[in-house]
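Written out below as structure tokens is the structure these notes cover.
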Amino acid sequence: MLIYREILEYARANPLSGERIIHAVSGSKWTVVQSQSGYGLAMTVPSWKNTRHLKIPLNQTLGEVSEWILSWDFAKASLGAASINCILNRENDIRSRFTNVSPKGDLLSDLSKKDLLVSVGDFPFLKKLDHQNLIVLEKDPTKGSHPDTACEEYLPQADIVIITGATLINKSLHRILELSSNARAKILIGPSTPAAPYLLNFKRLTQLGVTVLTKDPQIPILAGLGASRELFDPRFSQALDIFAEQRSFPVHC
Numbered sequence: 282m283l284i285y286r287e288i289l290e291y292a293r294a295n296p297l298s299g300e301r302i303i304h305a306v307s308g309s310k311w312t313v314v315q316s317q318s319g320y321g322l323a324m325t326v327p328s329w330k331n332t333r334h335l336k337i338p339l340n341q342t343l344g345e346v347s348e349w350i351l352s353w354d355f356a357k358a359s360l361g362a363a364s365i366n367c368i369l370n371r372e373n374d375i376r377s378r379f380t381n382v383s384p385k386g387d388l389l390s391d392l393s394k395k396d397l398l399v400s401v402g403d404f405p406f407l408k409k410l411d412h413q414n415l416i417v418l419e420k421d422p423t424k425g426s427h428p429d430t431a432c433e434e435y436l437p438q439a440d441i442v443i444i445t446g447a448t449l450i451n452k453s454l455h456r457i458l459e460l461s462s463n464a465r466a467k468i469l470i471g472p473s474t475p476a477a478p479y480l481l482n483f484k485r486l487t488q489l490g491v492t493v494l495t496k497d498p499q500i501p502i503l504a505g506l507g508a509s510r511e512l513f514d515p516r517f518s519q520a521l522d523i524f525a526e527q528r529s530f531p532v533h534c
């Protein structure tokens, strides 16, 4: 649990962690936390528990609810992740803490035809990708994807690995990174991803793709409705890429 505790402690050291939660939504797809100055977003990871009686943490501080990221009740952990992102995923703060930040670009500019690309999570952009050597791992696989348990076979062979930030919530990220140690690029993306420097240290990851929300009051409504297309419209959110300091990924032709 070290990786999760490090992120938690980093978030709790931020002054924004003292802000109180004034609204929260735990929807079927998205979880949103609203503090006094902004929003935080995470994927709602299905829980093995009955979440109908999940207590929404109103009036608790972001720092207090951030601790829920350690919970094995994934609905609670989703609220913890959203609270962490409410603290860390603010554009001005990100640009002051990281030196290599840019608007969302081409994640796979270093991809060559021979590369084995493994994606932990089925992202919409993969459907448009013309790459034959692609493995998609999903907890509930559909046509063209593999069950996530196949990670033990495919991740050690991968040249580039894309990982959903939801792996922080379901506690699988640490093992995925261990299995991906041979990959030249490891990219953590998606709305659950926090802007935490610890993730880029010691070659854990080469790139983060984070989501920064605007302050539009419609955001909790969209999250509750599961309106993904609208939620990721520029009126409500933007994506930023954060790179490790040393970006020297050799391309295999």
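Taking my numbering, the leading residue of the sequence shown gets 282, the next gets one more, and so forth. For each residue, glycine too, the CB sits at the ideal point set by N, CA and C. Since the structure is predicted, the reported quantities are computational estimates derived from the model, not experimental observations.
P428 - partner residues in DSSP beta bridges: E419
Neighbour-count burial assignment, L489, 16 or more Cβ in a 10 Å radius: buried
Endpoints, the alpha helix (DSSP H) within which I470 is located: Per DSSP, I470 belongs to no alpha helix (DSSP H); it is in the beta strand (DSSP E), A466 to I470.
Under the three-state DSSP convention, the category Q519 falls into: strand
Pair within 7 Å by beta-carbon distance, F513 and T495: no
Whole-number beta carbon distance between Y479 and Y291, since they are thought to touch under 8 Å: 6 Å
DSSP three-state assignment for P478, whether helix, strand or coil: helix
Three-state secondary structure assigned by DSSP to S316: coil
Buried versus exposed, by CB contacts within 10 Å (16 or more), A464: buried
Coil, strand or helix - H413 by DSSP: The displayed chain sequence assigns Gln, not His, to residue 413. Correct three-state label for Q413: coil.
Same chain, Cβ closer than 8 Å to G299, five either side skipped, listed in chain order: T342, L343 and G344
Span separating the alpha-carbon of S393 from that of A466: 12 Å
Option in A356, T380, S462 and V493 with minimal Cα separation from K310: A356
7 Å Cβ cutoff met for E419 and S426: yes
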